[in-house]
Amino acid sequence: MPPKIIQTRSSSPWKRRVGACIAKCTVTAGWRTKVCRNVNMEKLQNDYLFPEITTRRFEHIQKYPDAKLISLGIGDTTQPIPNIVTSAMAEYLLKVYKPCFSLWNVKIDSPLNIQKLHKRLNVVLYFQRLVNPYDGLQYSLALSTIEGYSGYGAEQGQQALRKAISETIYRDLGIKDTEIFVSDGAQSDIARLQMLLGSNVTVALQDPTFPAYIDTSVIMGQAGDFQEDSDKYGNIEYMKCSPANFFFPDLSTISRTDIIFLCSPNNPTGYAVSREQLKELVEFAKENGSIIIYDSSYSAYISDDSPRSIFEIPGAREVAIEISSFSKFAGFTGVRLGWTVVPEELLYSNGYPVVKDFNRIVCTCFNGASNIAQAGGLACLSSEGLTAIHGVVNFYKENAEIIAETFSSLGLEVYGGKNSPYTWVHFPGQKSWDVFNEILEKTHIITVPGRGFGPAGEGFIRVGAFGHRDSILEASRRLKNHLR
Ligand SMILES: Cc1ncc(COP(=O)(O)O)c(C=O)c1O
186 MPPKIIQTRS SSPWKRRVGA CIAKCTVTAG WRTKVCRNVN MEKLQNDYLF PEITTRRFEH
246 IQKYPDAKLI SLGIGDTTQP IPNIVTSAMA EYLLKVYKPC FSLWNVKIDS PLNIQKLHKR
306 LNVVLYFQRL VNPYDGLQYS LALSTIEGYS GYGAEQGQQA LRKAISETIY RDLGIKDTEI
366 FVSDGAQSDI ARLQMLLGSN VTVALQDPTF PAYIDTSVIM GQAGDFQEDS DKYGNIEYMK
426 CSPANFFFPD LSTISRTDII FLCSPNNPTG YAVSREQLKE LVEFAKENGS IIIYDSSYSA
486 YISDDSPRSI FEIPGAREVA IEISSFSKFA GFTGVRLGWT VVPEELLYSN GYPVVKDFNR
546 IVCTCFNGAS NIAQAGGLAC LSSEGLTAIH GVVNFYKENA EIIAETFSSL GLEVYGGKNS
606 PYTWVHFPGQ KSWDVFNEIL EKTHIITVPG RGFGPAGEGF IRVGAFGHRD SILEASRRLK
666 NHLR
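All residue numbers for the sequence shown refer to the numbering used here, where the first residue is 186 and numbers rise by one.
Structure representation (structure tokens):
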């Protein structure tokens, strides 16, 4: 029987030496291995933010089993993926029927035709199943056939998709398809980039920040111990972003680090950096010989002149890597698809190109994104695909407007929401977990406490716009009625 391990969370964990291991206060029952816990895992302070919210949500449901809970918390999308994209994924599975397509003289490149084909195929499959139910099912999916089967693809991603990202997302920015690495999502690439950088680099990040950057830094061993007095890890440069500095760090007060994580539009504050600010950051990185890891996962939400990519800034190719995602852009949170751009001009201090090492990491630690997901990604970047997914993004932006108006009408300072699906609401003088609990208790609405994104998130909550419209309107009613 595997050992049962019950973790206890404690603000002042007792430590003891077991050989070279430092063990936190853990209660174990049963047989133990002789394997030491990774000391870097030991350093991580909290459970990851979102599982903690899930626990509180579960406790709330147990307390109020009849309450209709609305989640404006975790940034998961809810709107269906446009038909043109799902059709492309289904077509990938059905491609064994390509000969039928030519027999029926129907092209497979327009969404309408794909729908027509699916109808005809359904008829064929229906009769096949009548004749032999097992054959029918087996032949319905190309990947189940000798003719339609395909295995590993290129680790870096399908050539057609890399080209489409280069031509559609980066248009005239001169990003080559060979500089684009298709991934199974931005979060996995954050971890792969950390593996690339190793444990000896120094890191700066925005405070508040998307938790994956800091937690992966701690796991890699880049951070020092957690300092209880400041609520920060040692060895990490926290770049405070608040209304006082318009959510952009005062770079004159920031120490030089090897790596600078920057996310725009930002999760959680919803703030998109301006062109001037990003120019300032690129110059700062150049002066210091640093690498910026720029997360543009929410760039599709930008509606003003803010840059959608760091490569819009002259000189960025020598100092920046960009990670991005189809998750919030096309509702692929469950499908899983993203990409990373590593420009050829980005060099280590010894002159070796970073792109070559990243290629090595991708080939060694990742065998390429799902071919079905990539078929969907390609459809997203067609002109009909882009029109359809922009419709969904606009829907979420309207939700964000409703949310921002709701909190403003309650007399609260509201940030973000304009270039982002996230609204960042200020509750001065209050603890954000208390605000989270109060909103949950009074309105049965889940938000995210700003403190979970770093010490500068204290006093704020993040409210996401990824709900169905009726939930957003209902949430707005409840908030206006119960928070006045
Ligand atoms: C800033 C940011 N980057 C990356 C991710 C993860 O994206 P993916 O779903 O592509 O892993 C998220 C998800 O919420 C995010 O907010």
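Even glycine gets a Cβ: it sits at the ideal position worked out from N, Cα and C.
- The criterion of a C-beta distance shorter than 8 angstroms is satisfied by residue 488 and residue 603.
- Counting every other CB atom within 10 Å of its CB across the protein chains shown gives residue 414 a total below 16, marking it as exposed.
- A distance below 7 angstroms between beta-carbons, with the five flanking residues on each side excluded, links residue 376 to the following residues of its chain, in chain order: 401.
- Under DSSP, the beta-bridge partners assigned to residue 601 are 608.
- Distance from the Cα of residue 443 is smallest, within the candidate group 644, 424, 385, 238, for 385.
- Ligand 1 never approaches residue 550 closely enough for any of its heavy atoms to be under 7 angstroms from the residue's Cβ.
- Every residue whose Cβ sits closer than 5 angstroms to any heavy atom of ligand 1 is listed here in chain order: 260, 370, 371, 372, 395, 448, 452, 480, 482, 510, 512, 523.
- Note that the C-beta distance between residue 411 and residue 541 is not below 8 angstroms.
- In the three-state reduction of the DSSP assignment, residue 649 falls in the strand class, which pools E and B.
- Take the alpha-carbon of residue 251 and the one of residue 240: they are about 18 angstroms apart.
- Taking residue 328 as the centre and dropping the five residues before and after it, the same chain places the C-beta of 278, 334, 335 closer than 8 angstroms to its C-beta, in chain order.
- Residue 643 and residue 634 have their C-alpha atoms spaced approximately 8 angstroms apart.
- For residue 576, the enclosing alpha helix (DSSP H) covers residues 568–594.
- Around the Cβ of residue 431, a 10 Å sphere holds fewer than 16 other Cβ atoms; the residue is exposed.
- Nearest neighbour of residue 530 by Cα position, chosen from 273, 351, 236, 364, turns out to be 364.
- One thing to note: residue 440 has its Cβ within 8 angstroms of the Cβ of residue 422.
- Per DSSP, the unbroken beta strand (DSSP E) holding residue 505 starts and ends at 505–510.
- Only residues of its own chain outside the window of five on either side were considered, and among them 631 have a CB closer than 6 angstroms to the CB of residue 256, listed in chain order.
- Excluding residues up to 5 positions away in sequence, 257, 602, 608, 648, 650, 657, 660, 661 lie with their Cβ nearer than 8 angstroms to the Cβ of residue 588 in the same chain.
- The stretch 386–399 makes no contact with the stretch 542–555; the number of CB pairs closer than 8 angstroms stays below 3.
- In the DSSP assignment, residue 422 falls within the unbroken beta strand (DSSP E) covering 421–425.
- Listed as beta-bridge partners of residue 558 by DSSP are no residues whatsoever.
- Within the DSSP secondary-structure output, residue 246 pairs in no beta bridge.
- Residue 216 carries a coil assignment under DSSP once its states are collapsed to helix, strand and coil.
- Selection 462, 506, 452, 664 evaluated against residue 437 yields 462 as nearest (Cα-Cα).
- In this chain, residue 373 is not harboured by any beta strand (DSSP E); it is covered by the alpha helix (DSSP H) spanning 371–382.
- One Cα belongs to residue 344, the other to residue 448, and the distance between them is close to 27 angstroms.
- The residue among 505, 460, 496 with its C-alpha nearest the C-alpha of residue 476 is 505.
- Bridge pairing for residue 633: 647 [DSSP].
- For residue 660, no beta strand (DSSP E) run applies; the uninterrupted alpha helix (DSSP H) run containing it begins and ends at 654–667, by DSSP.
- Buried is the label assigned to residue 274, since at least 16 other Cβ atoms lie within 10 Å of its Cβ.
- Contact between residue 338 and residue 553 is confirmed by a C-beta separation of about 5 angstroms, below the 8 angstroms threshold.
- The DSSP-derived three-state label of residue 394 is coil.
- Linking residue 472 to residue 565 through their CA atoms gives a straight-line distance of about 38 angstroms.
- A direct Cα-Cα distance of roughly 9 angstroms separates residue 518 from residue 510.
- Across the set 453, 665, 610, 225, the C-alpha of 453 shows the shortest separation from the C-alpha of residue 259.
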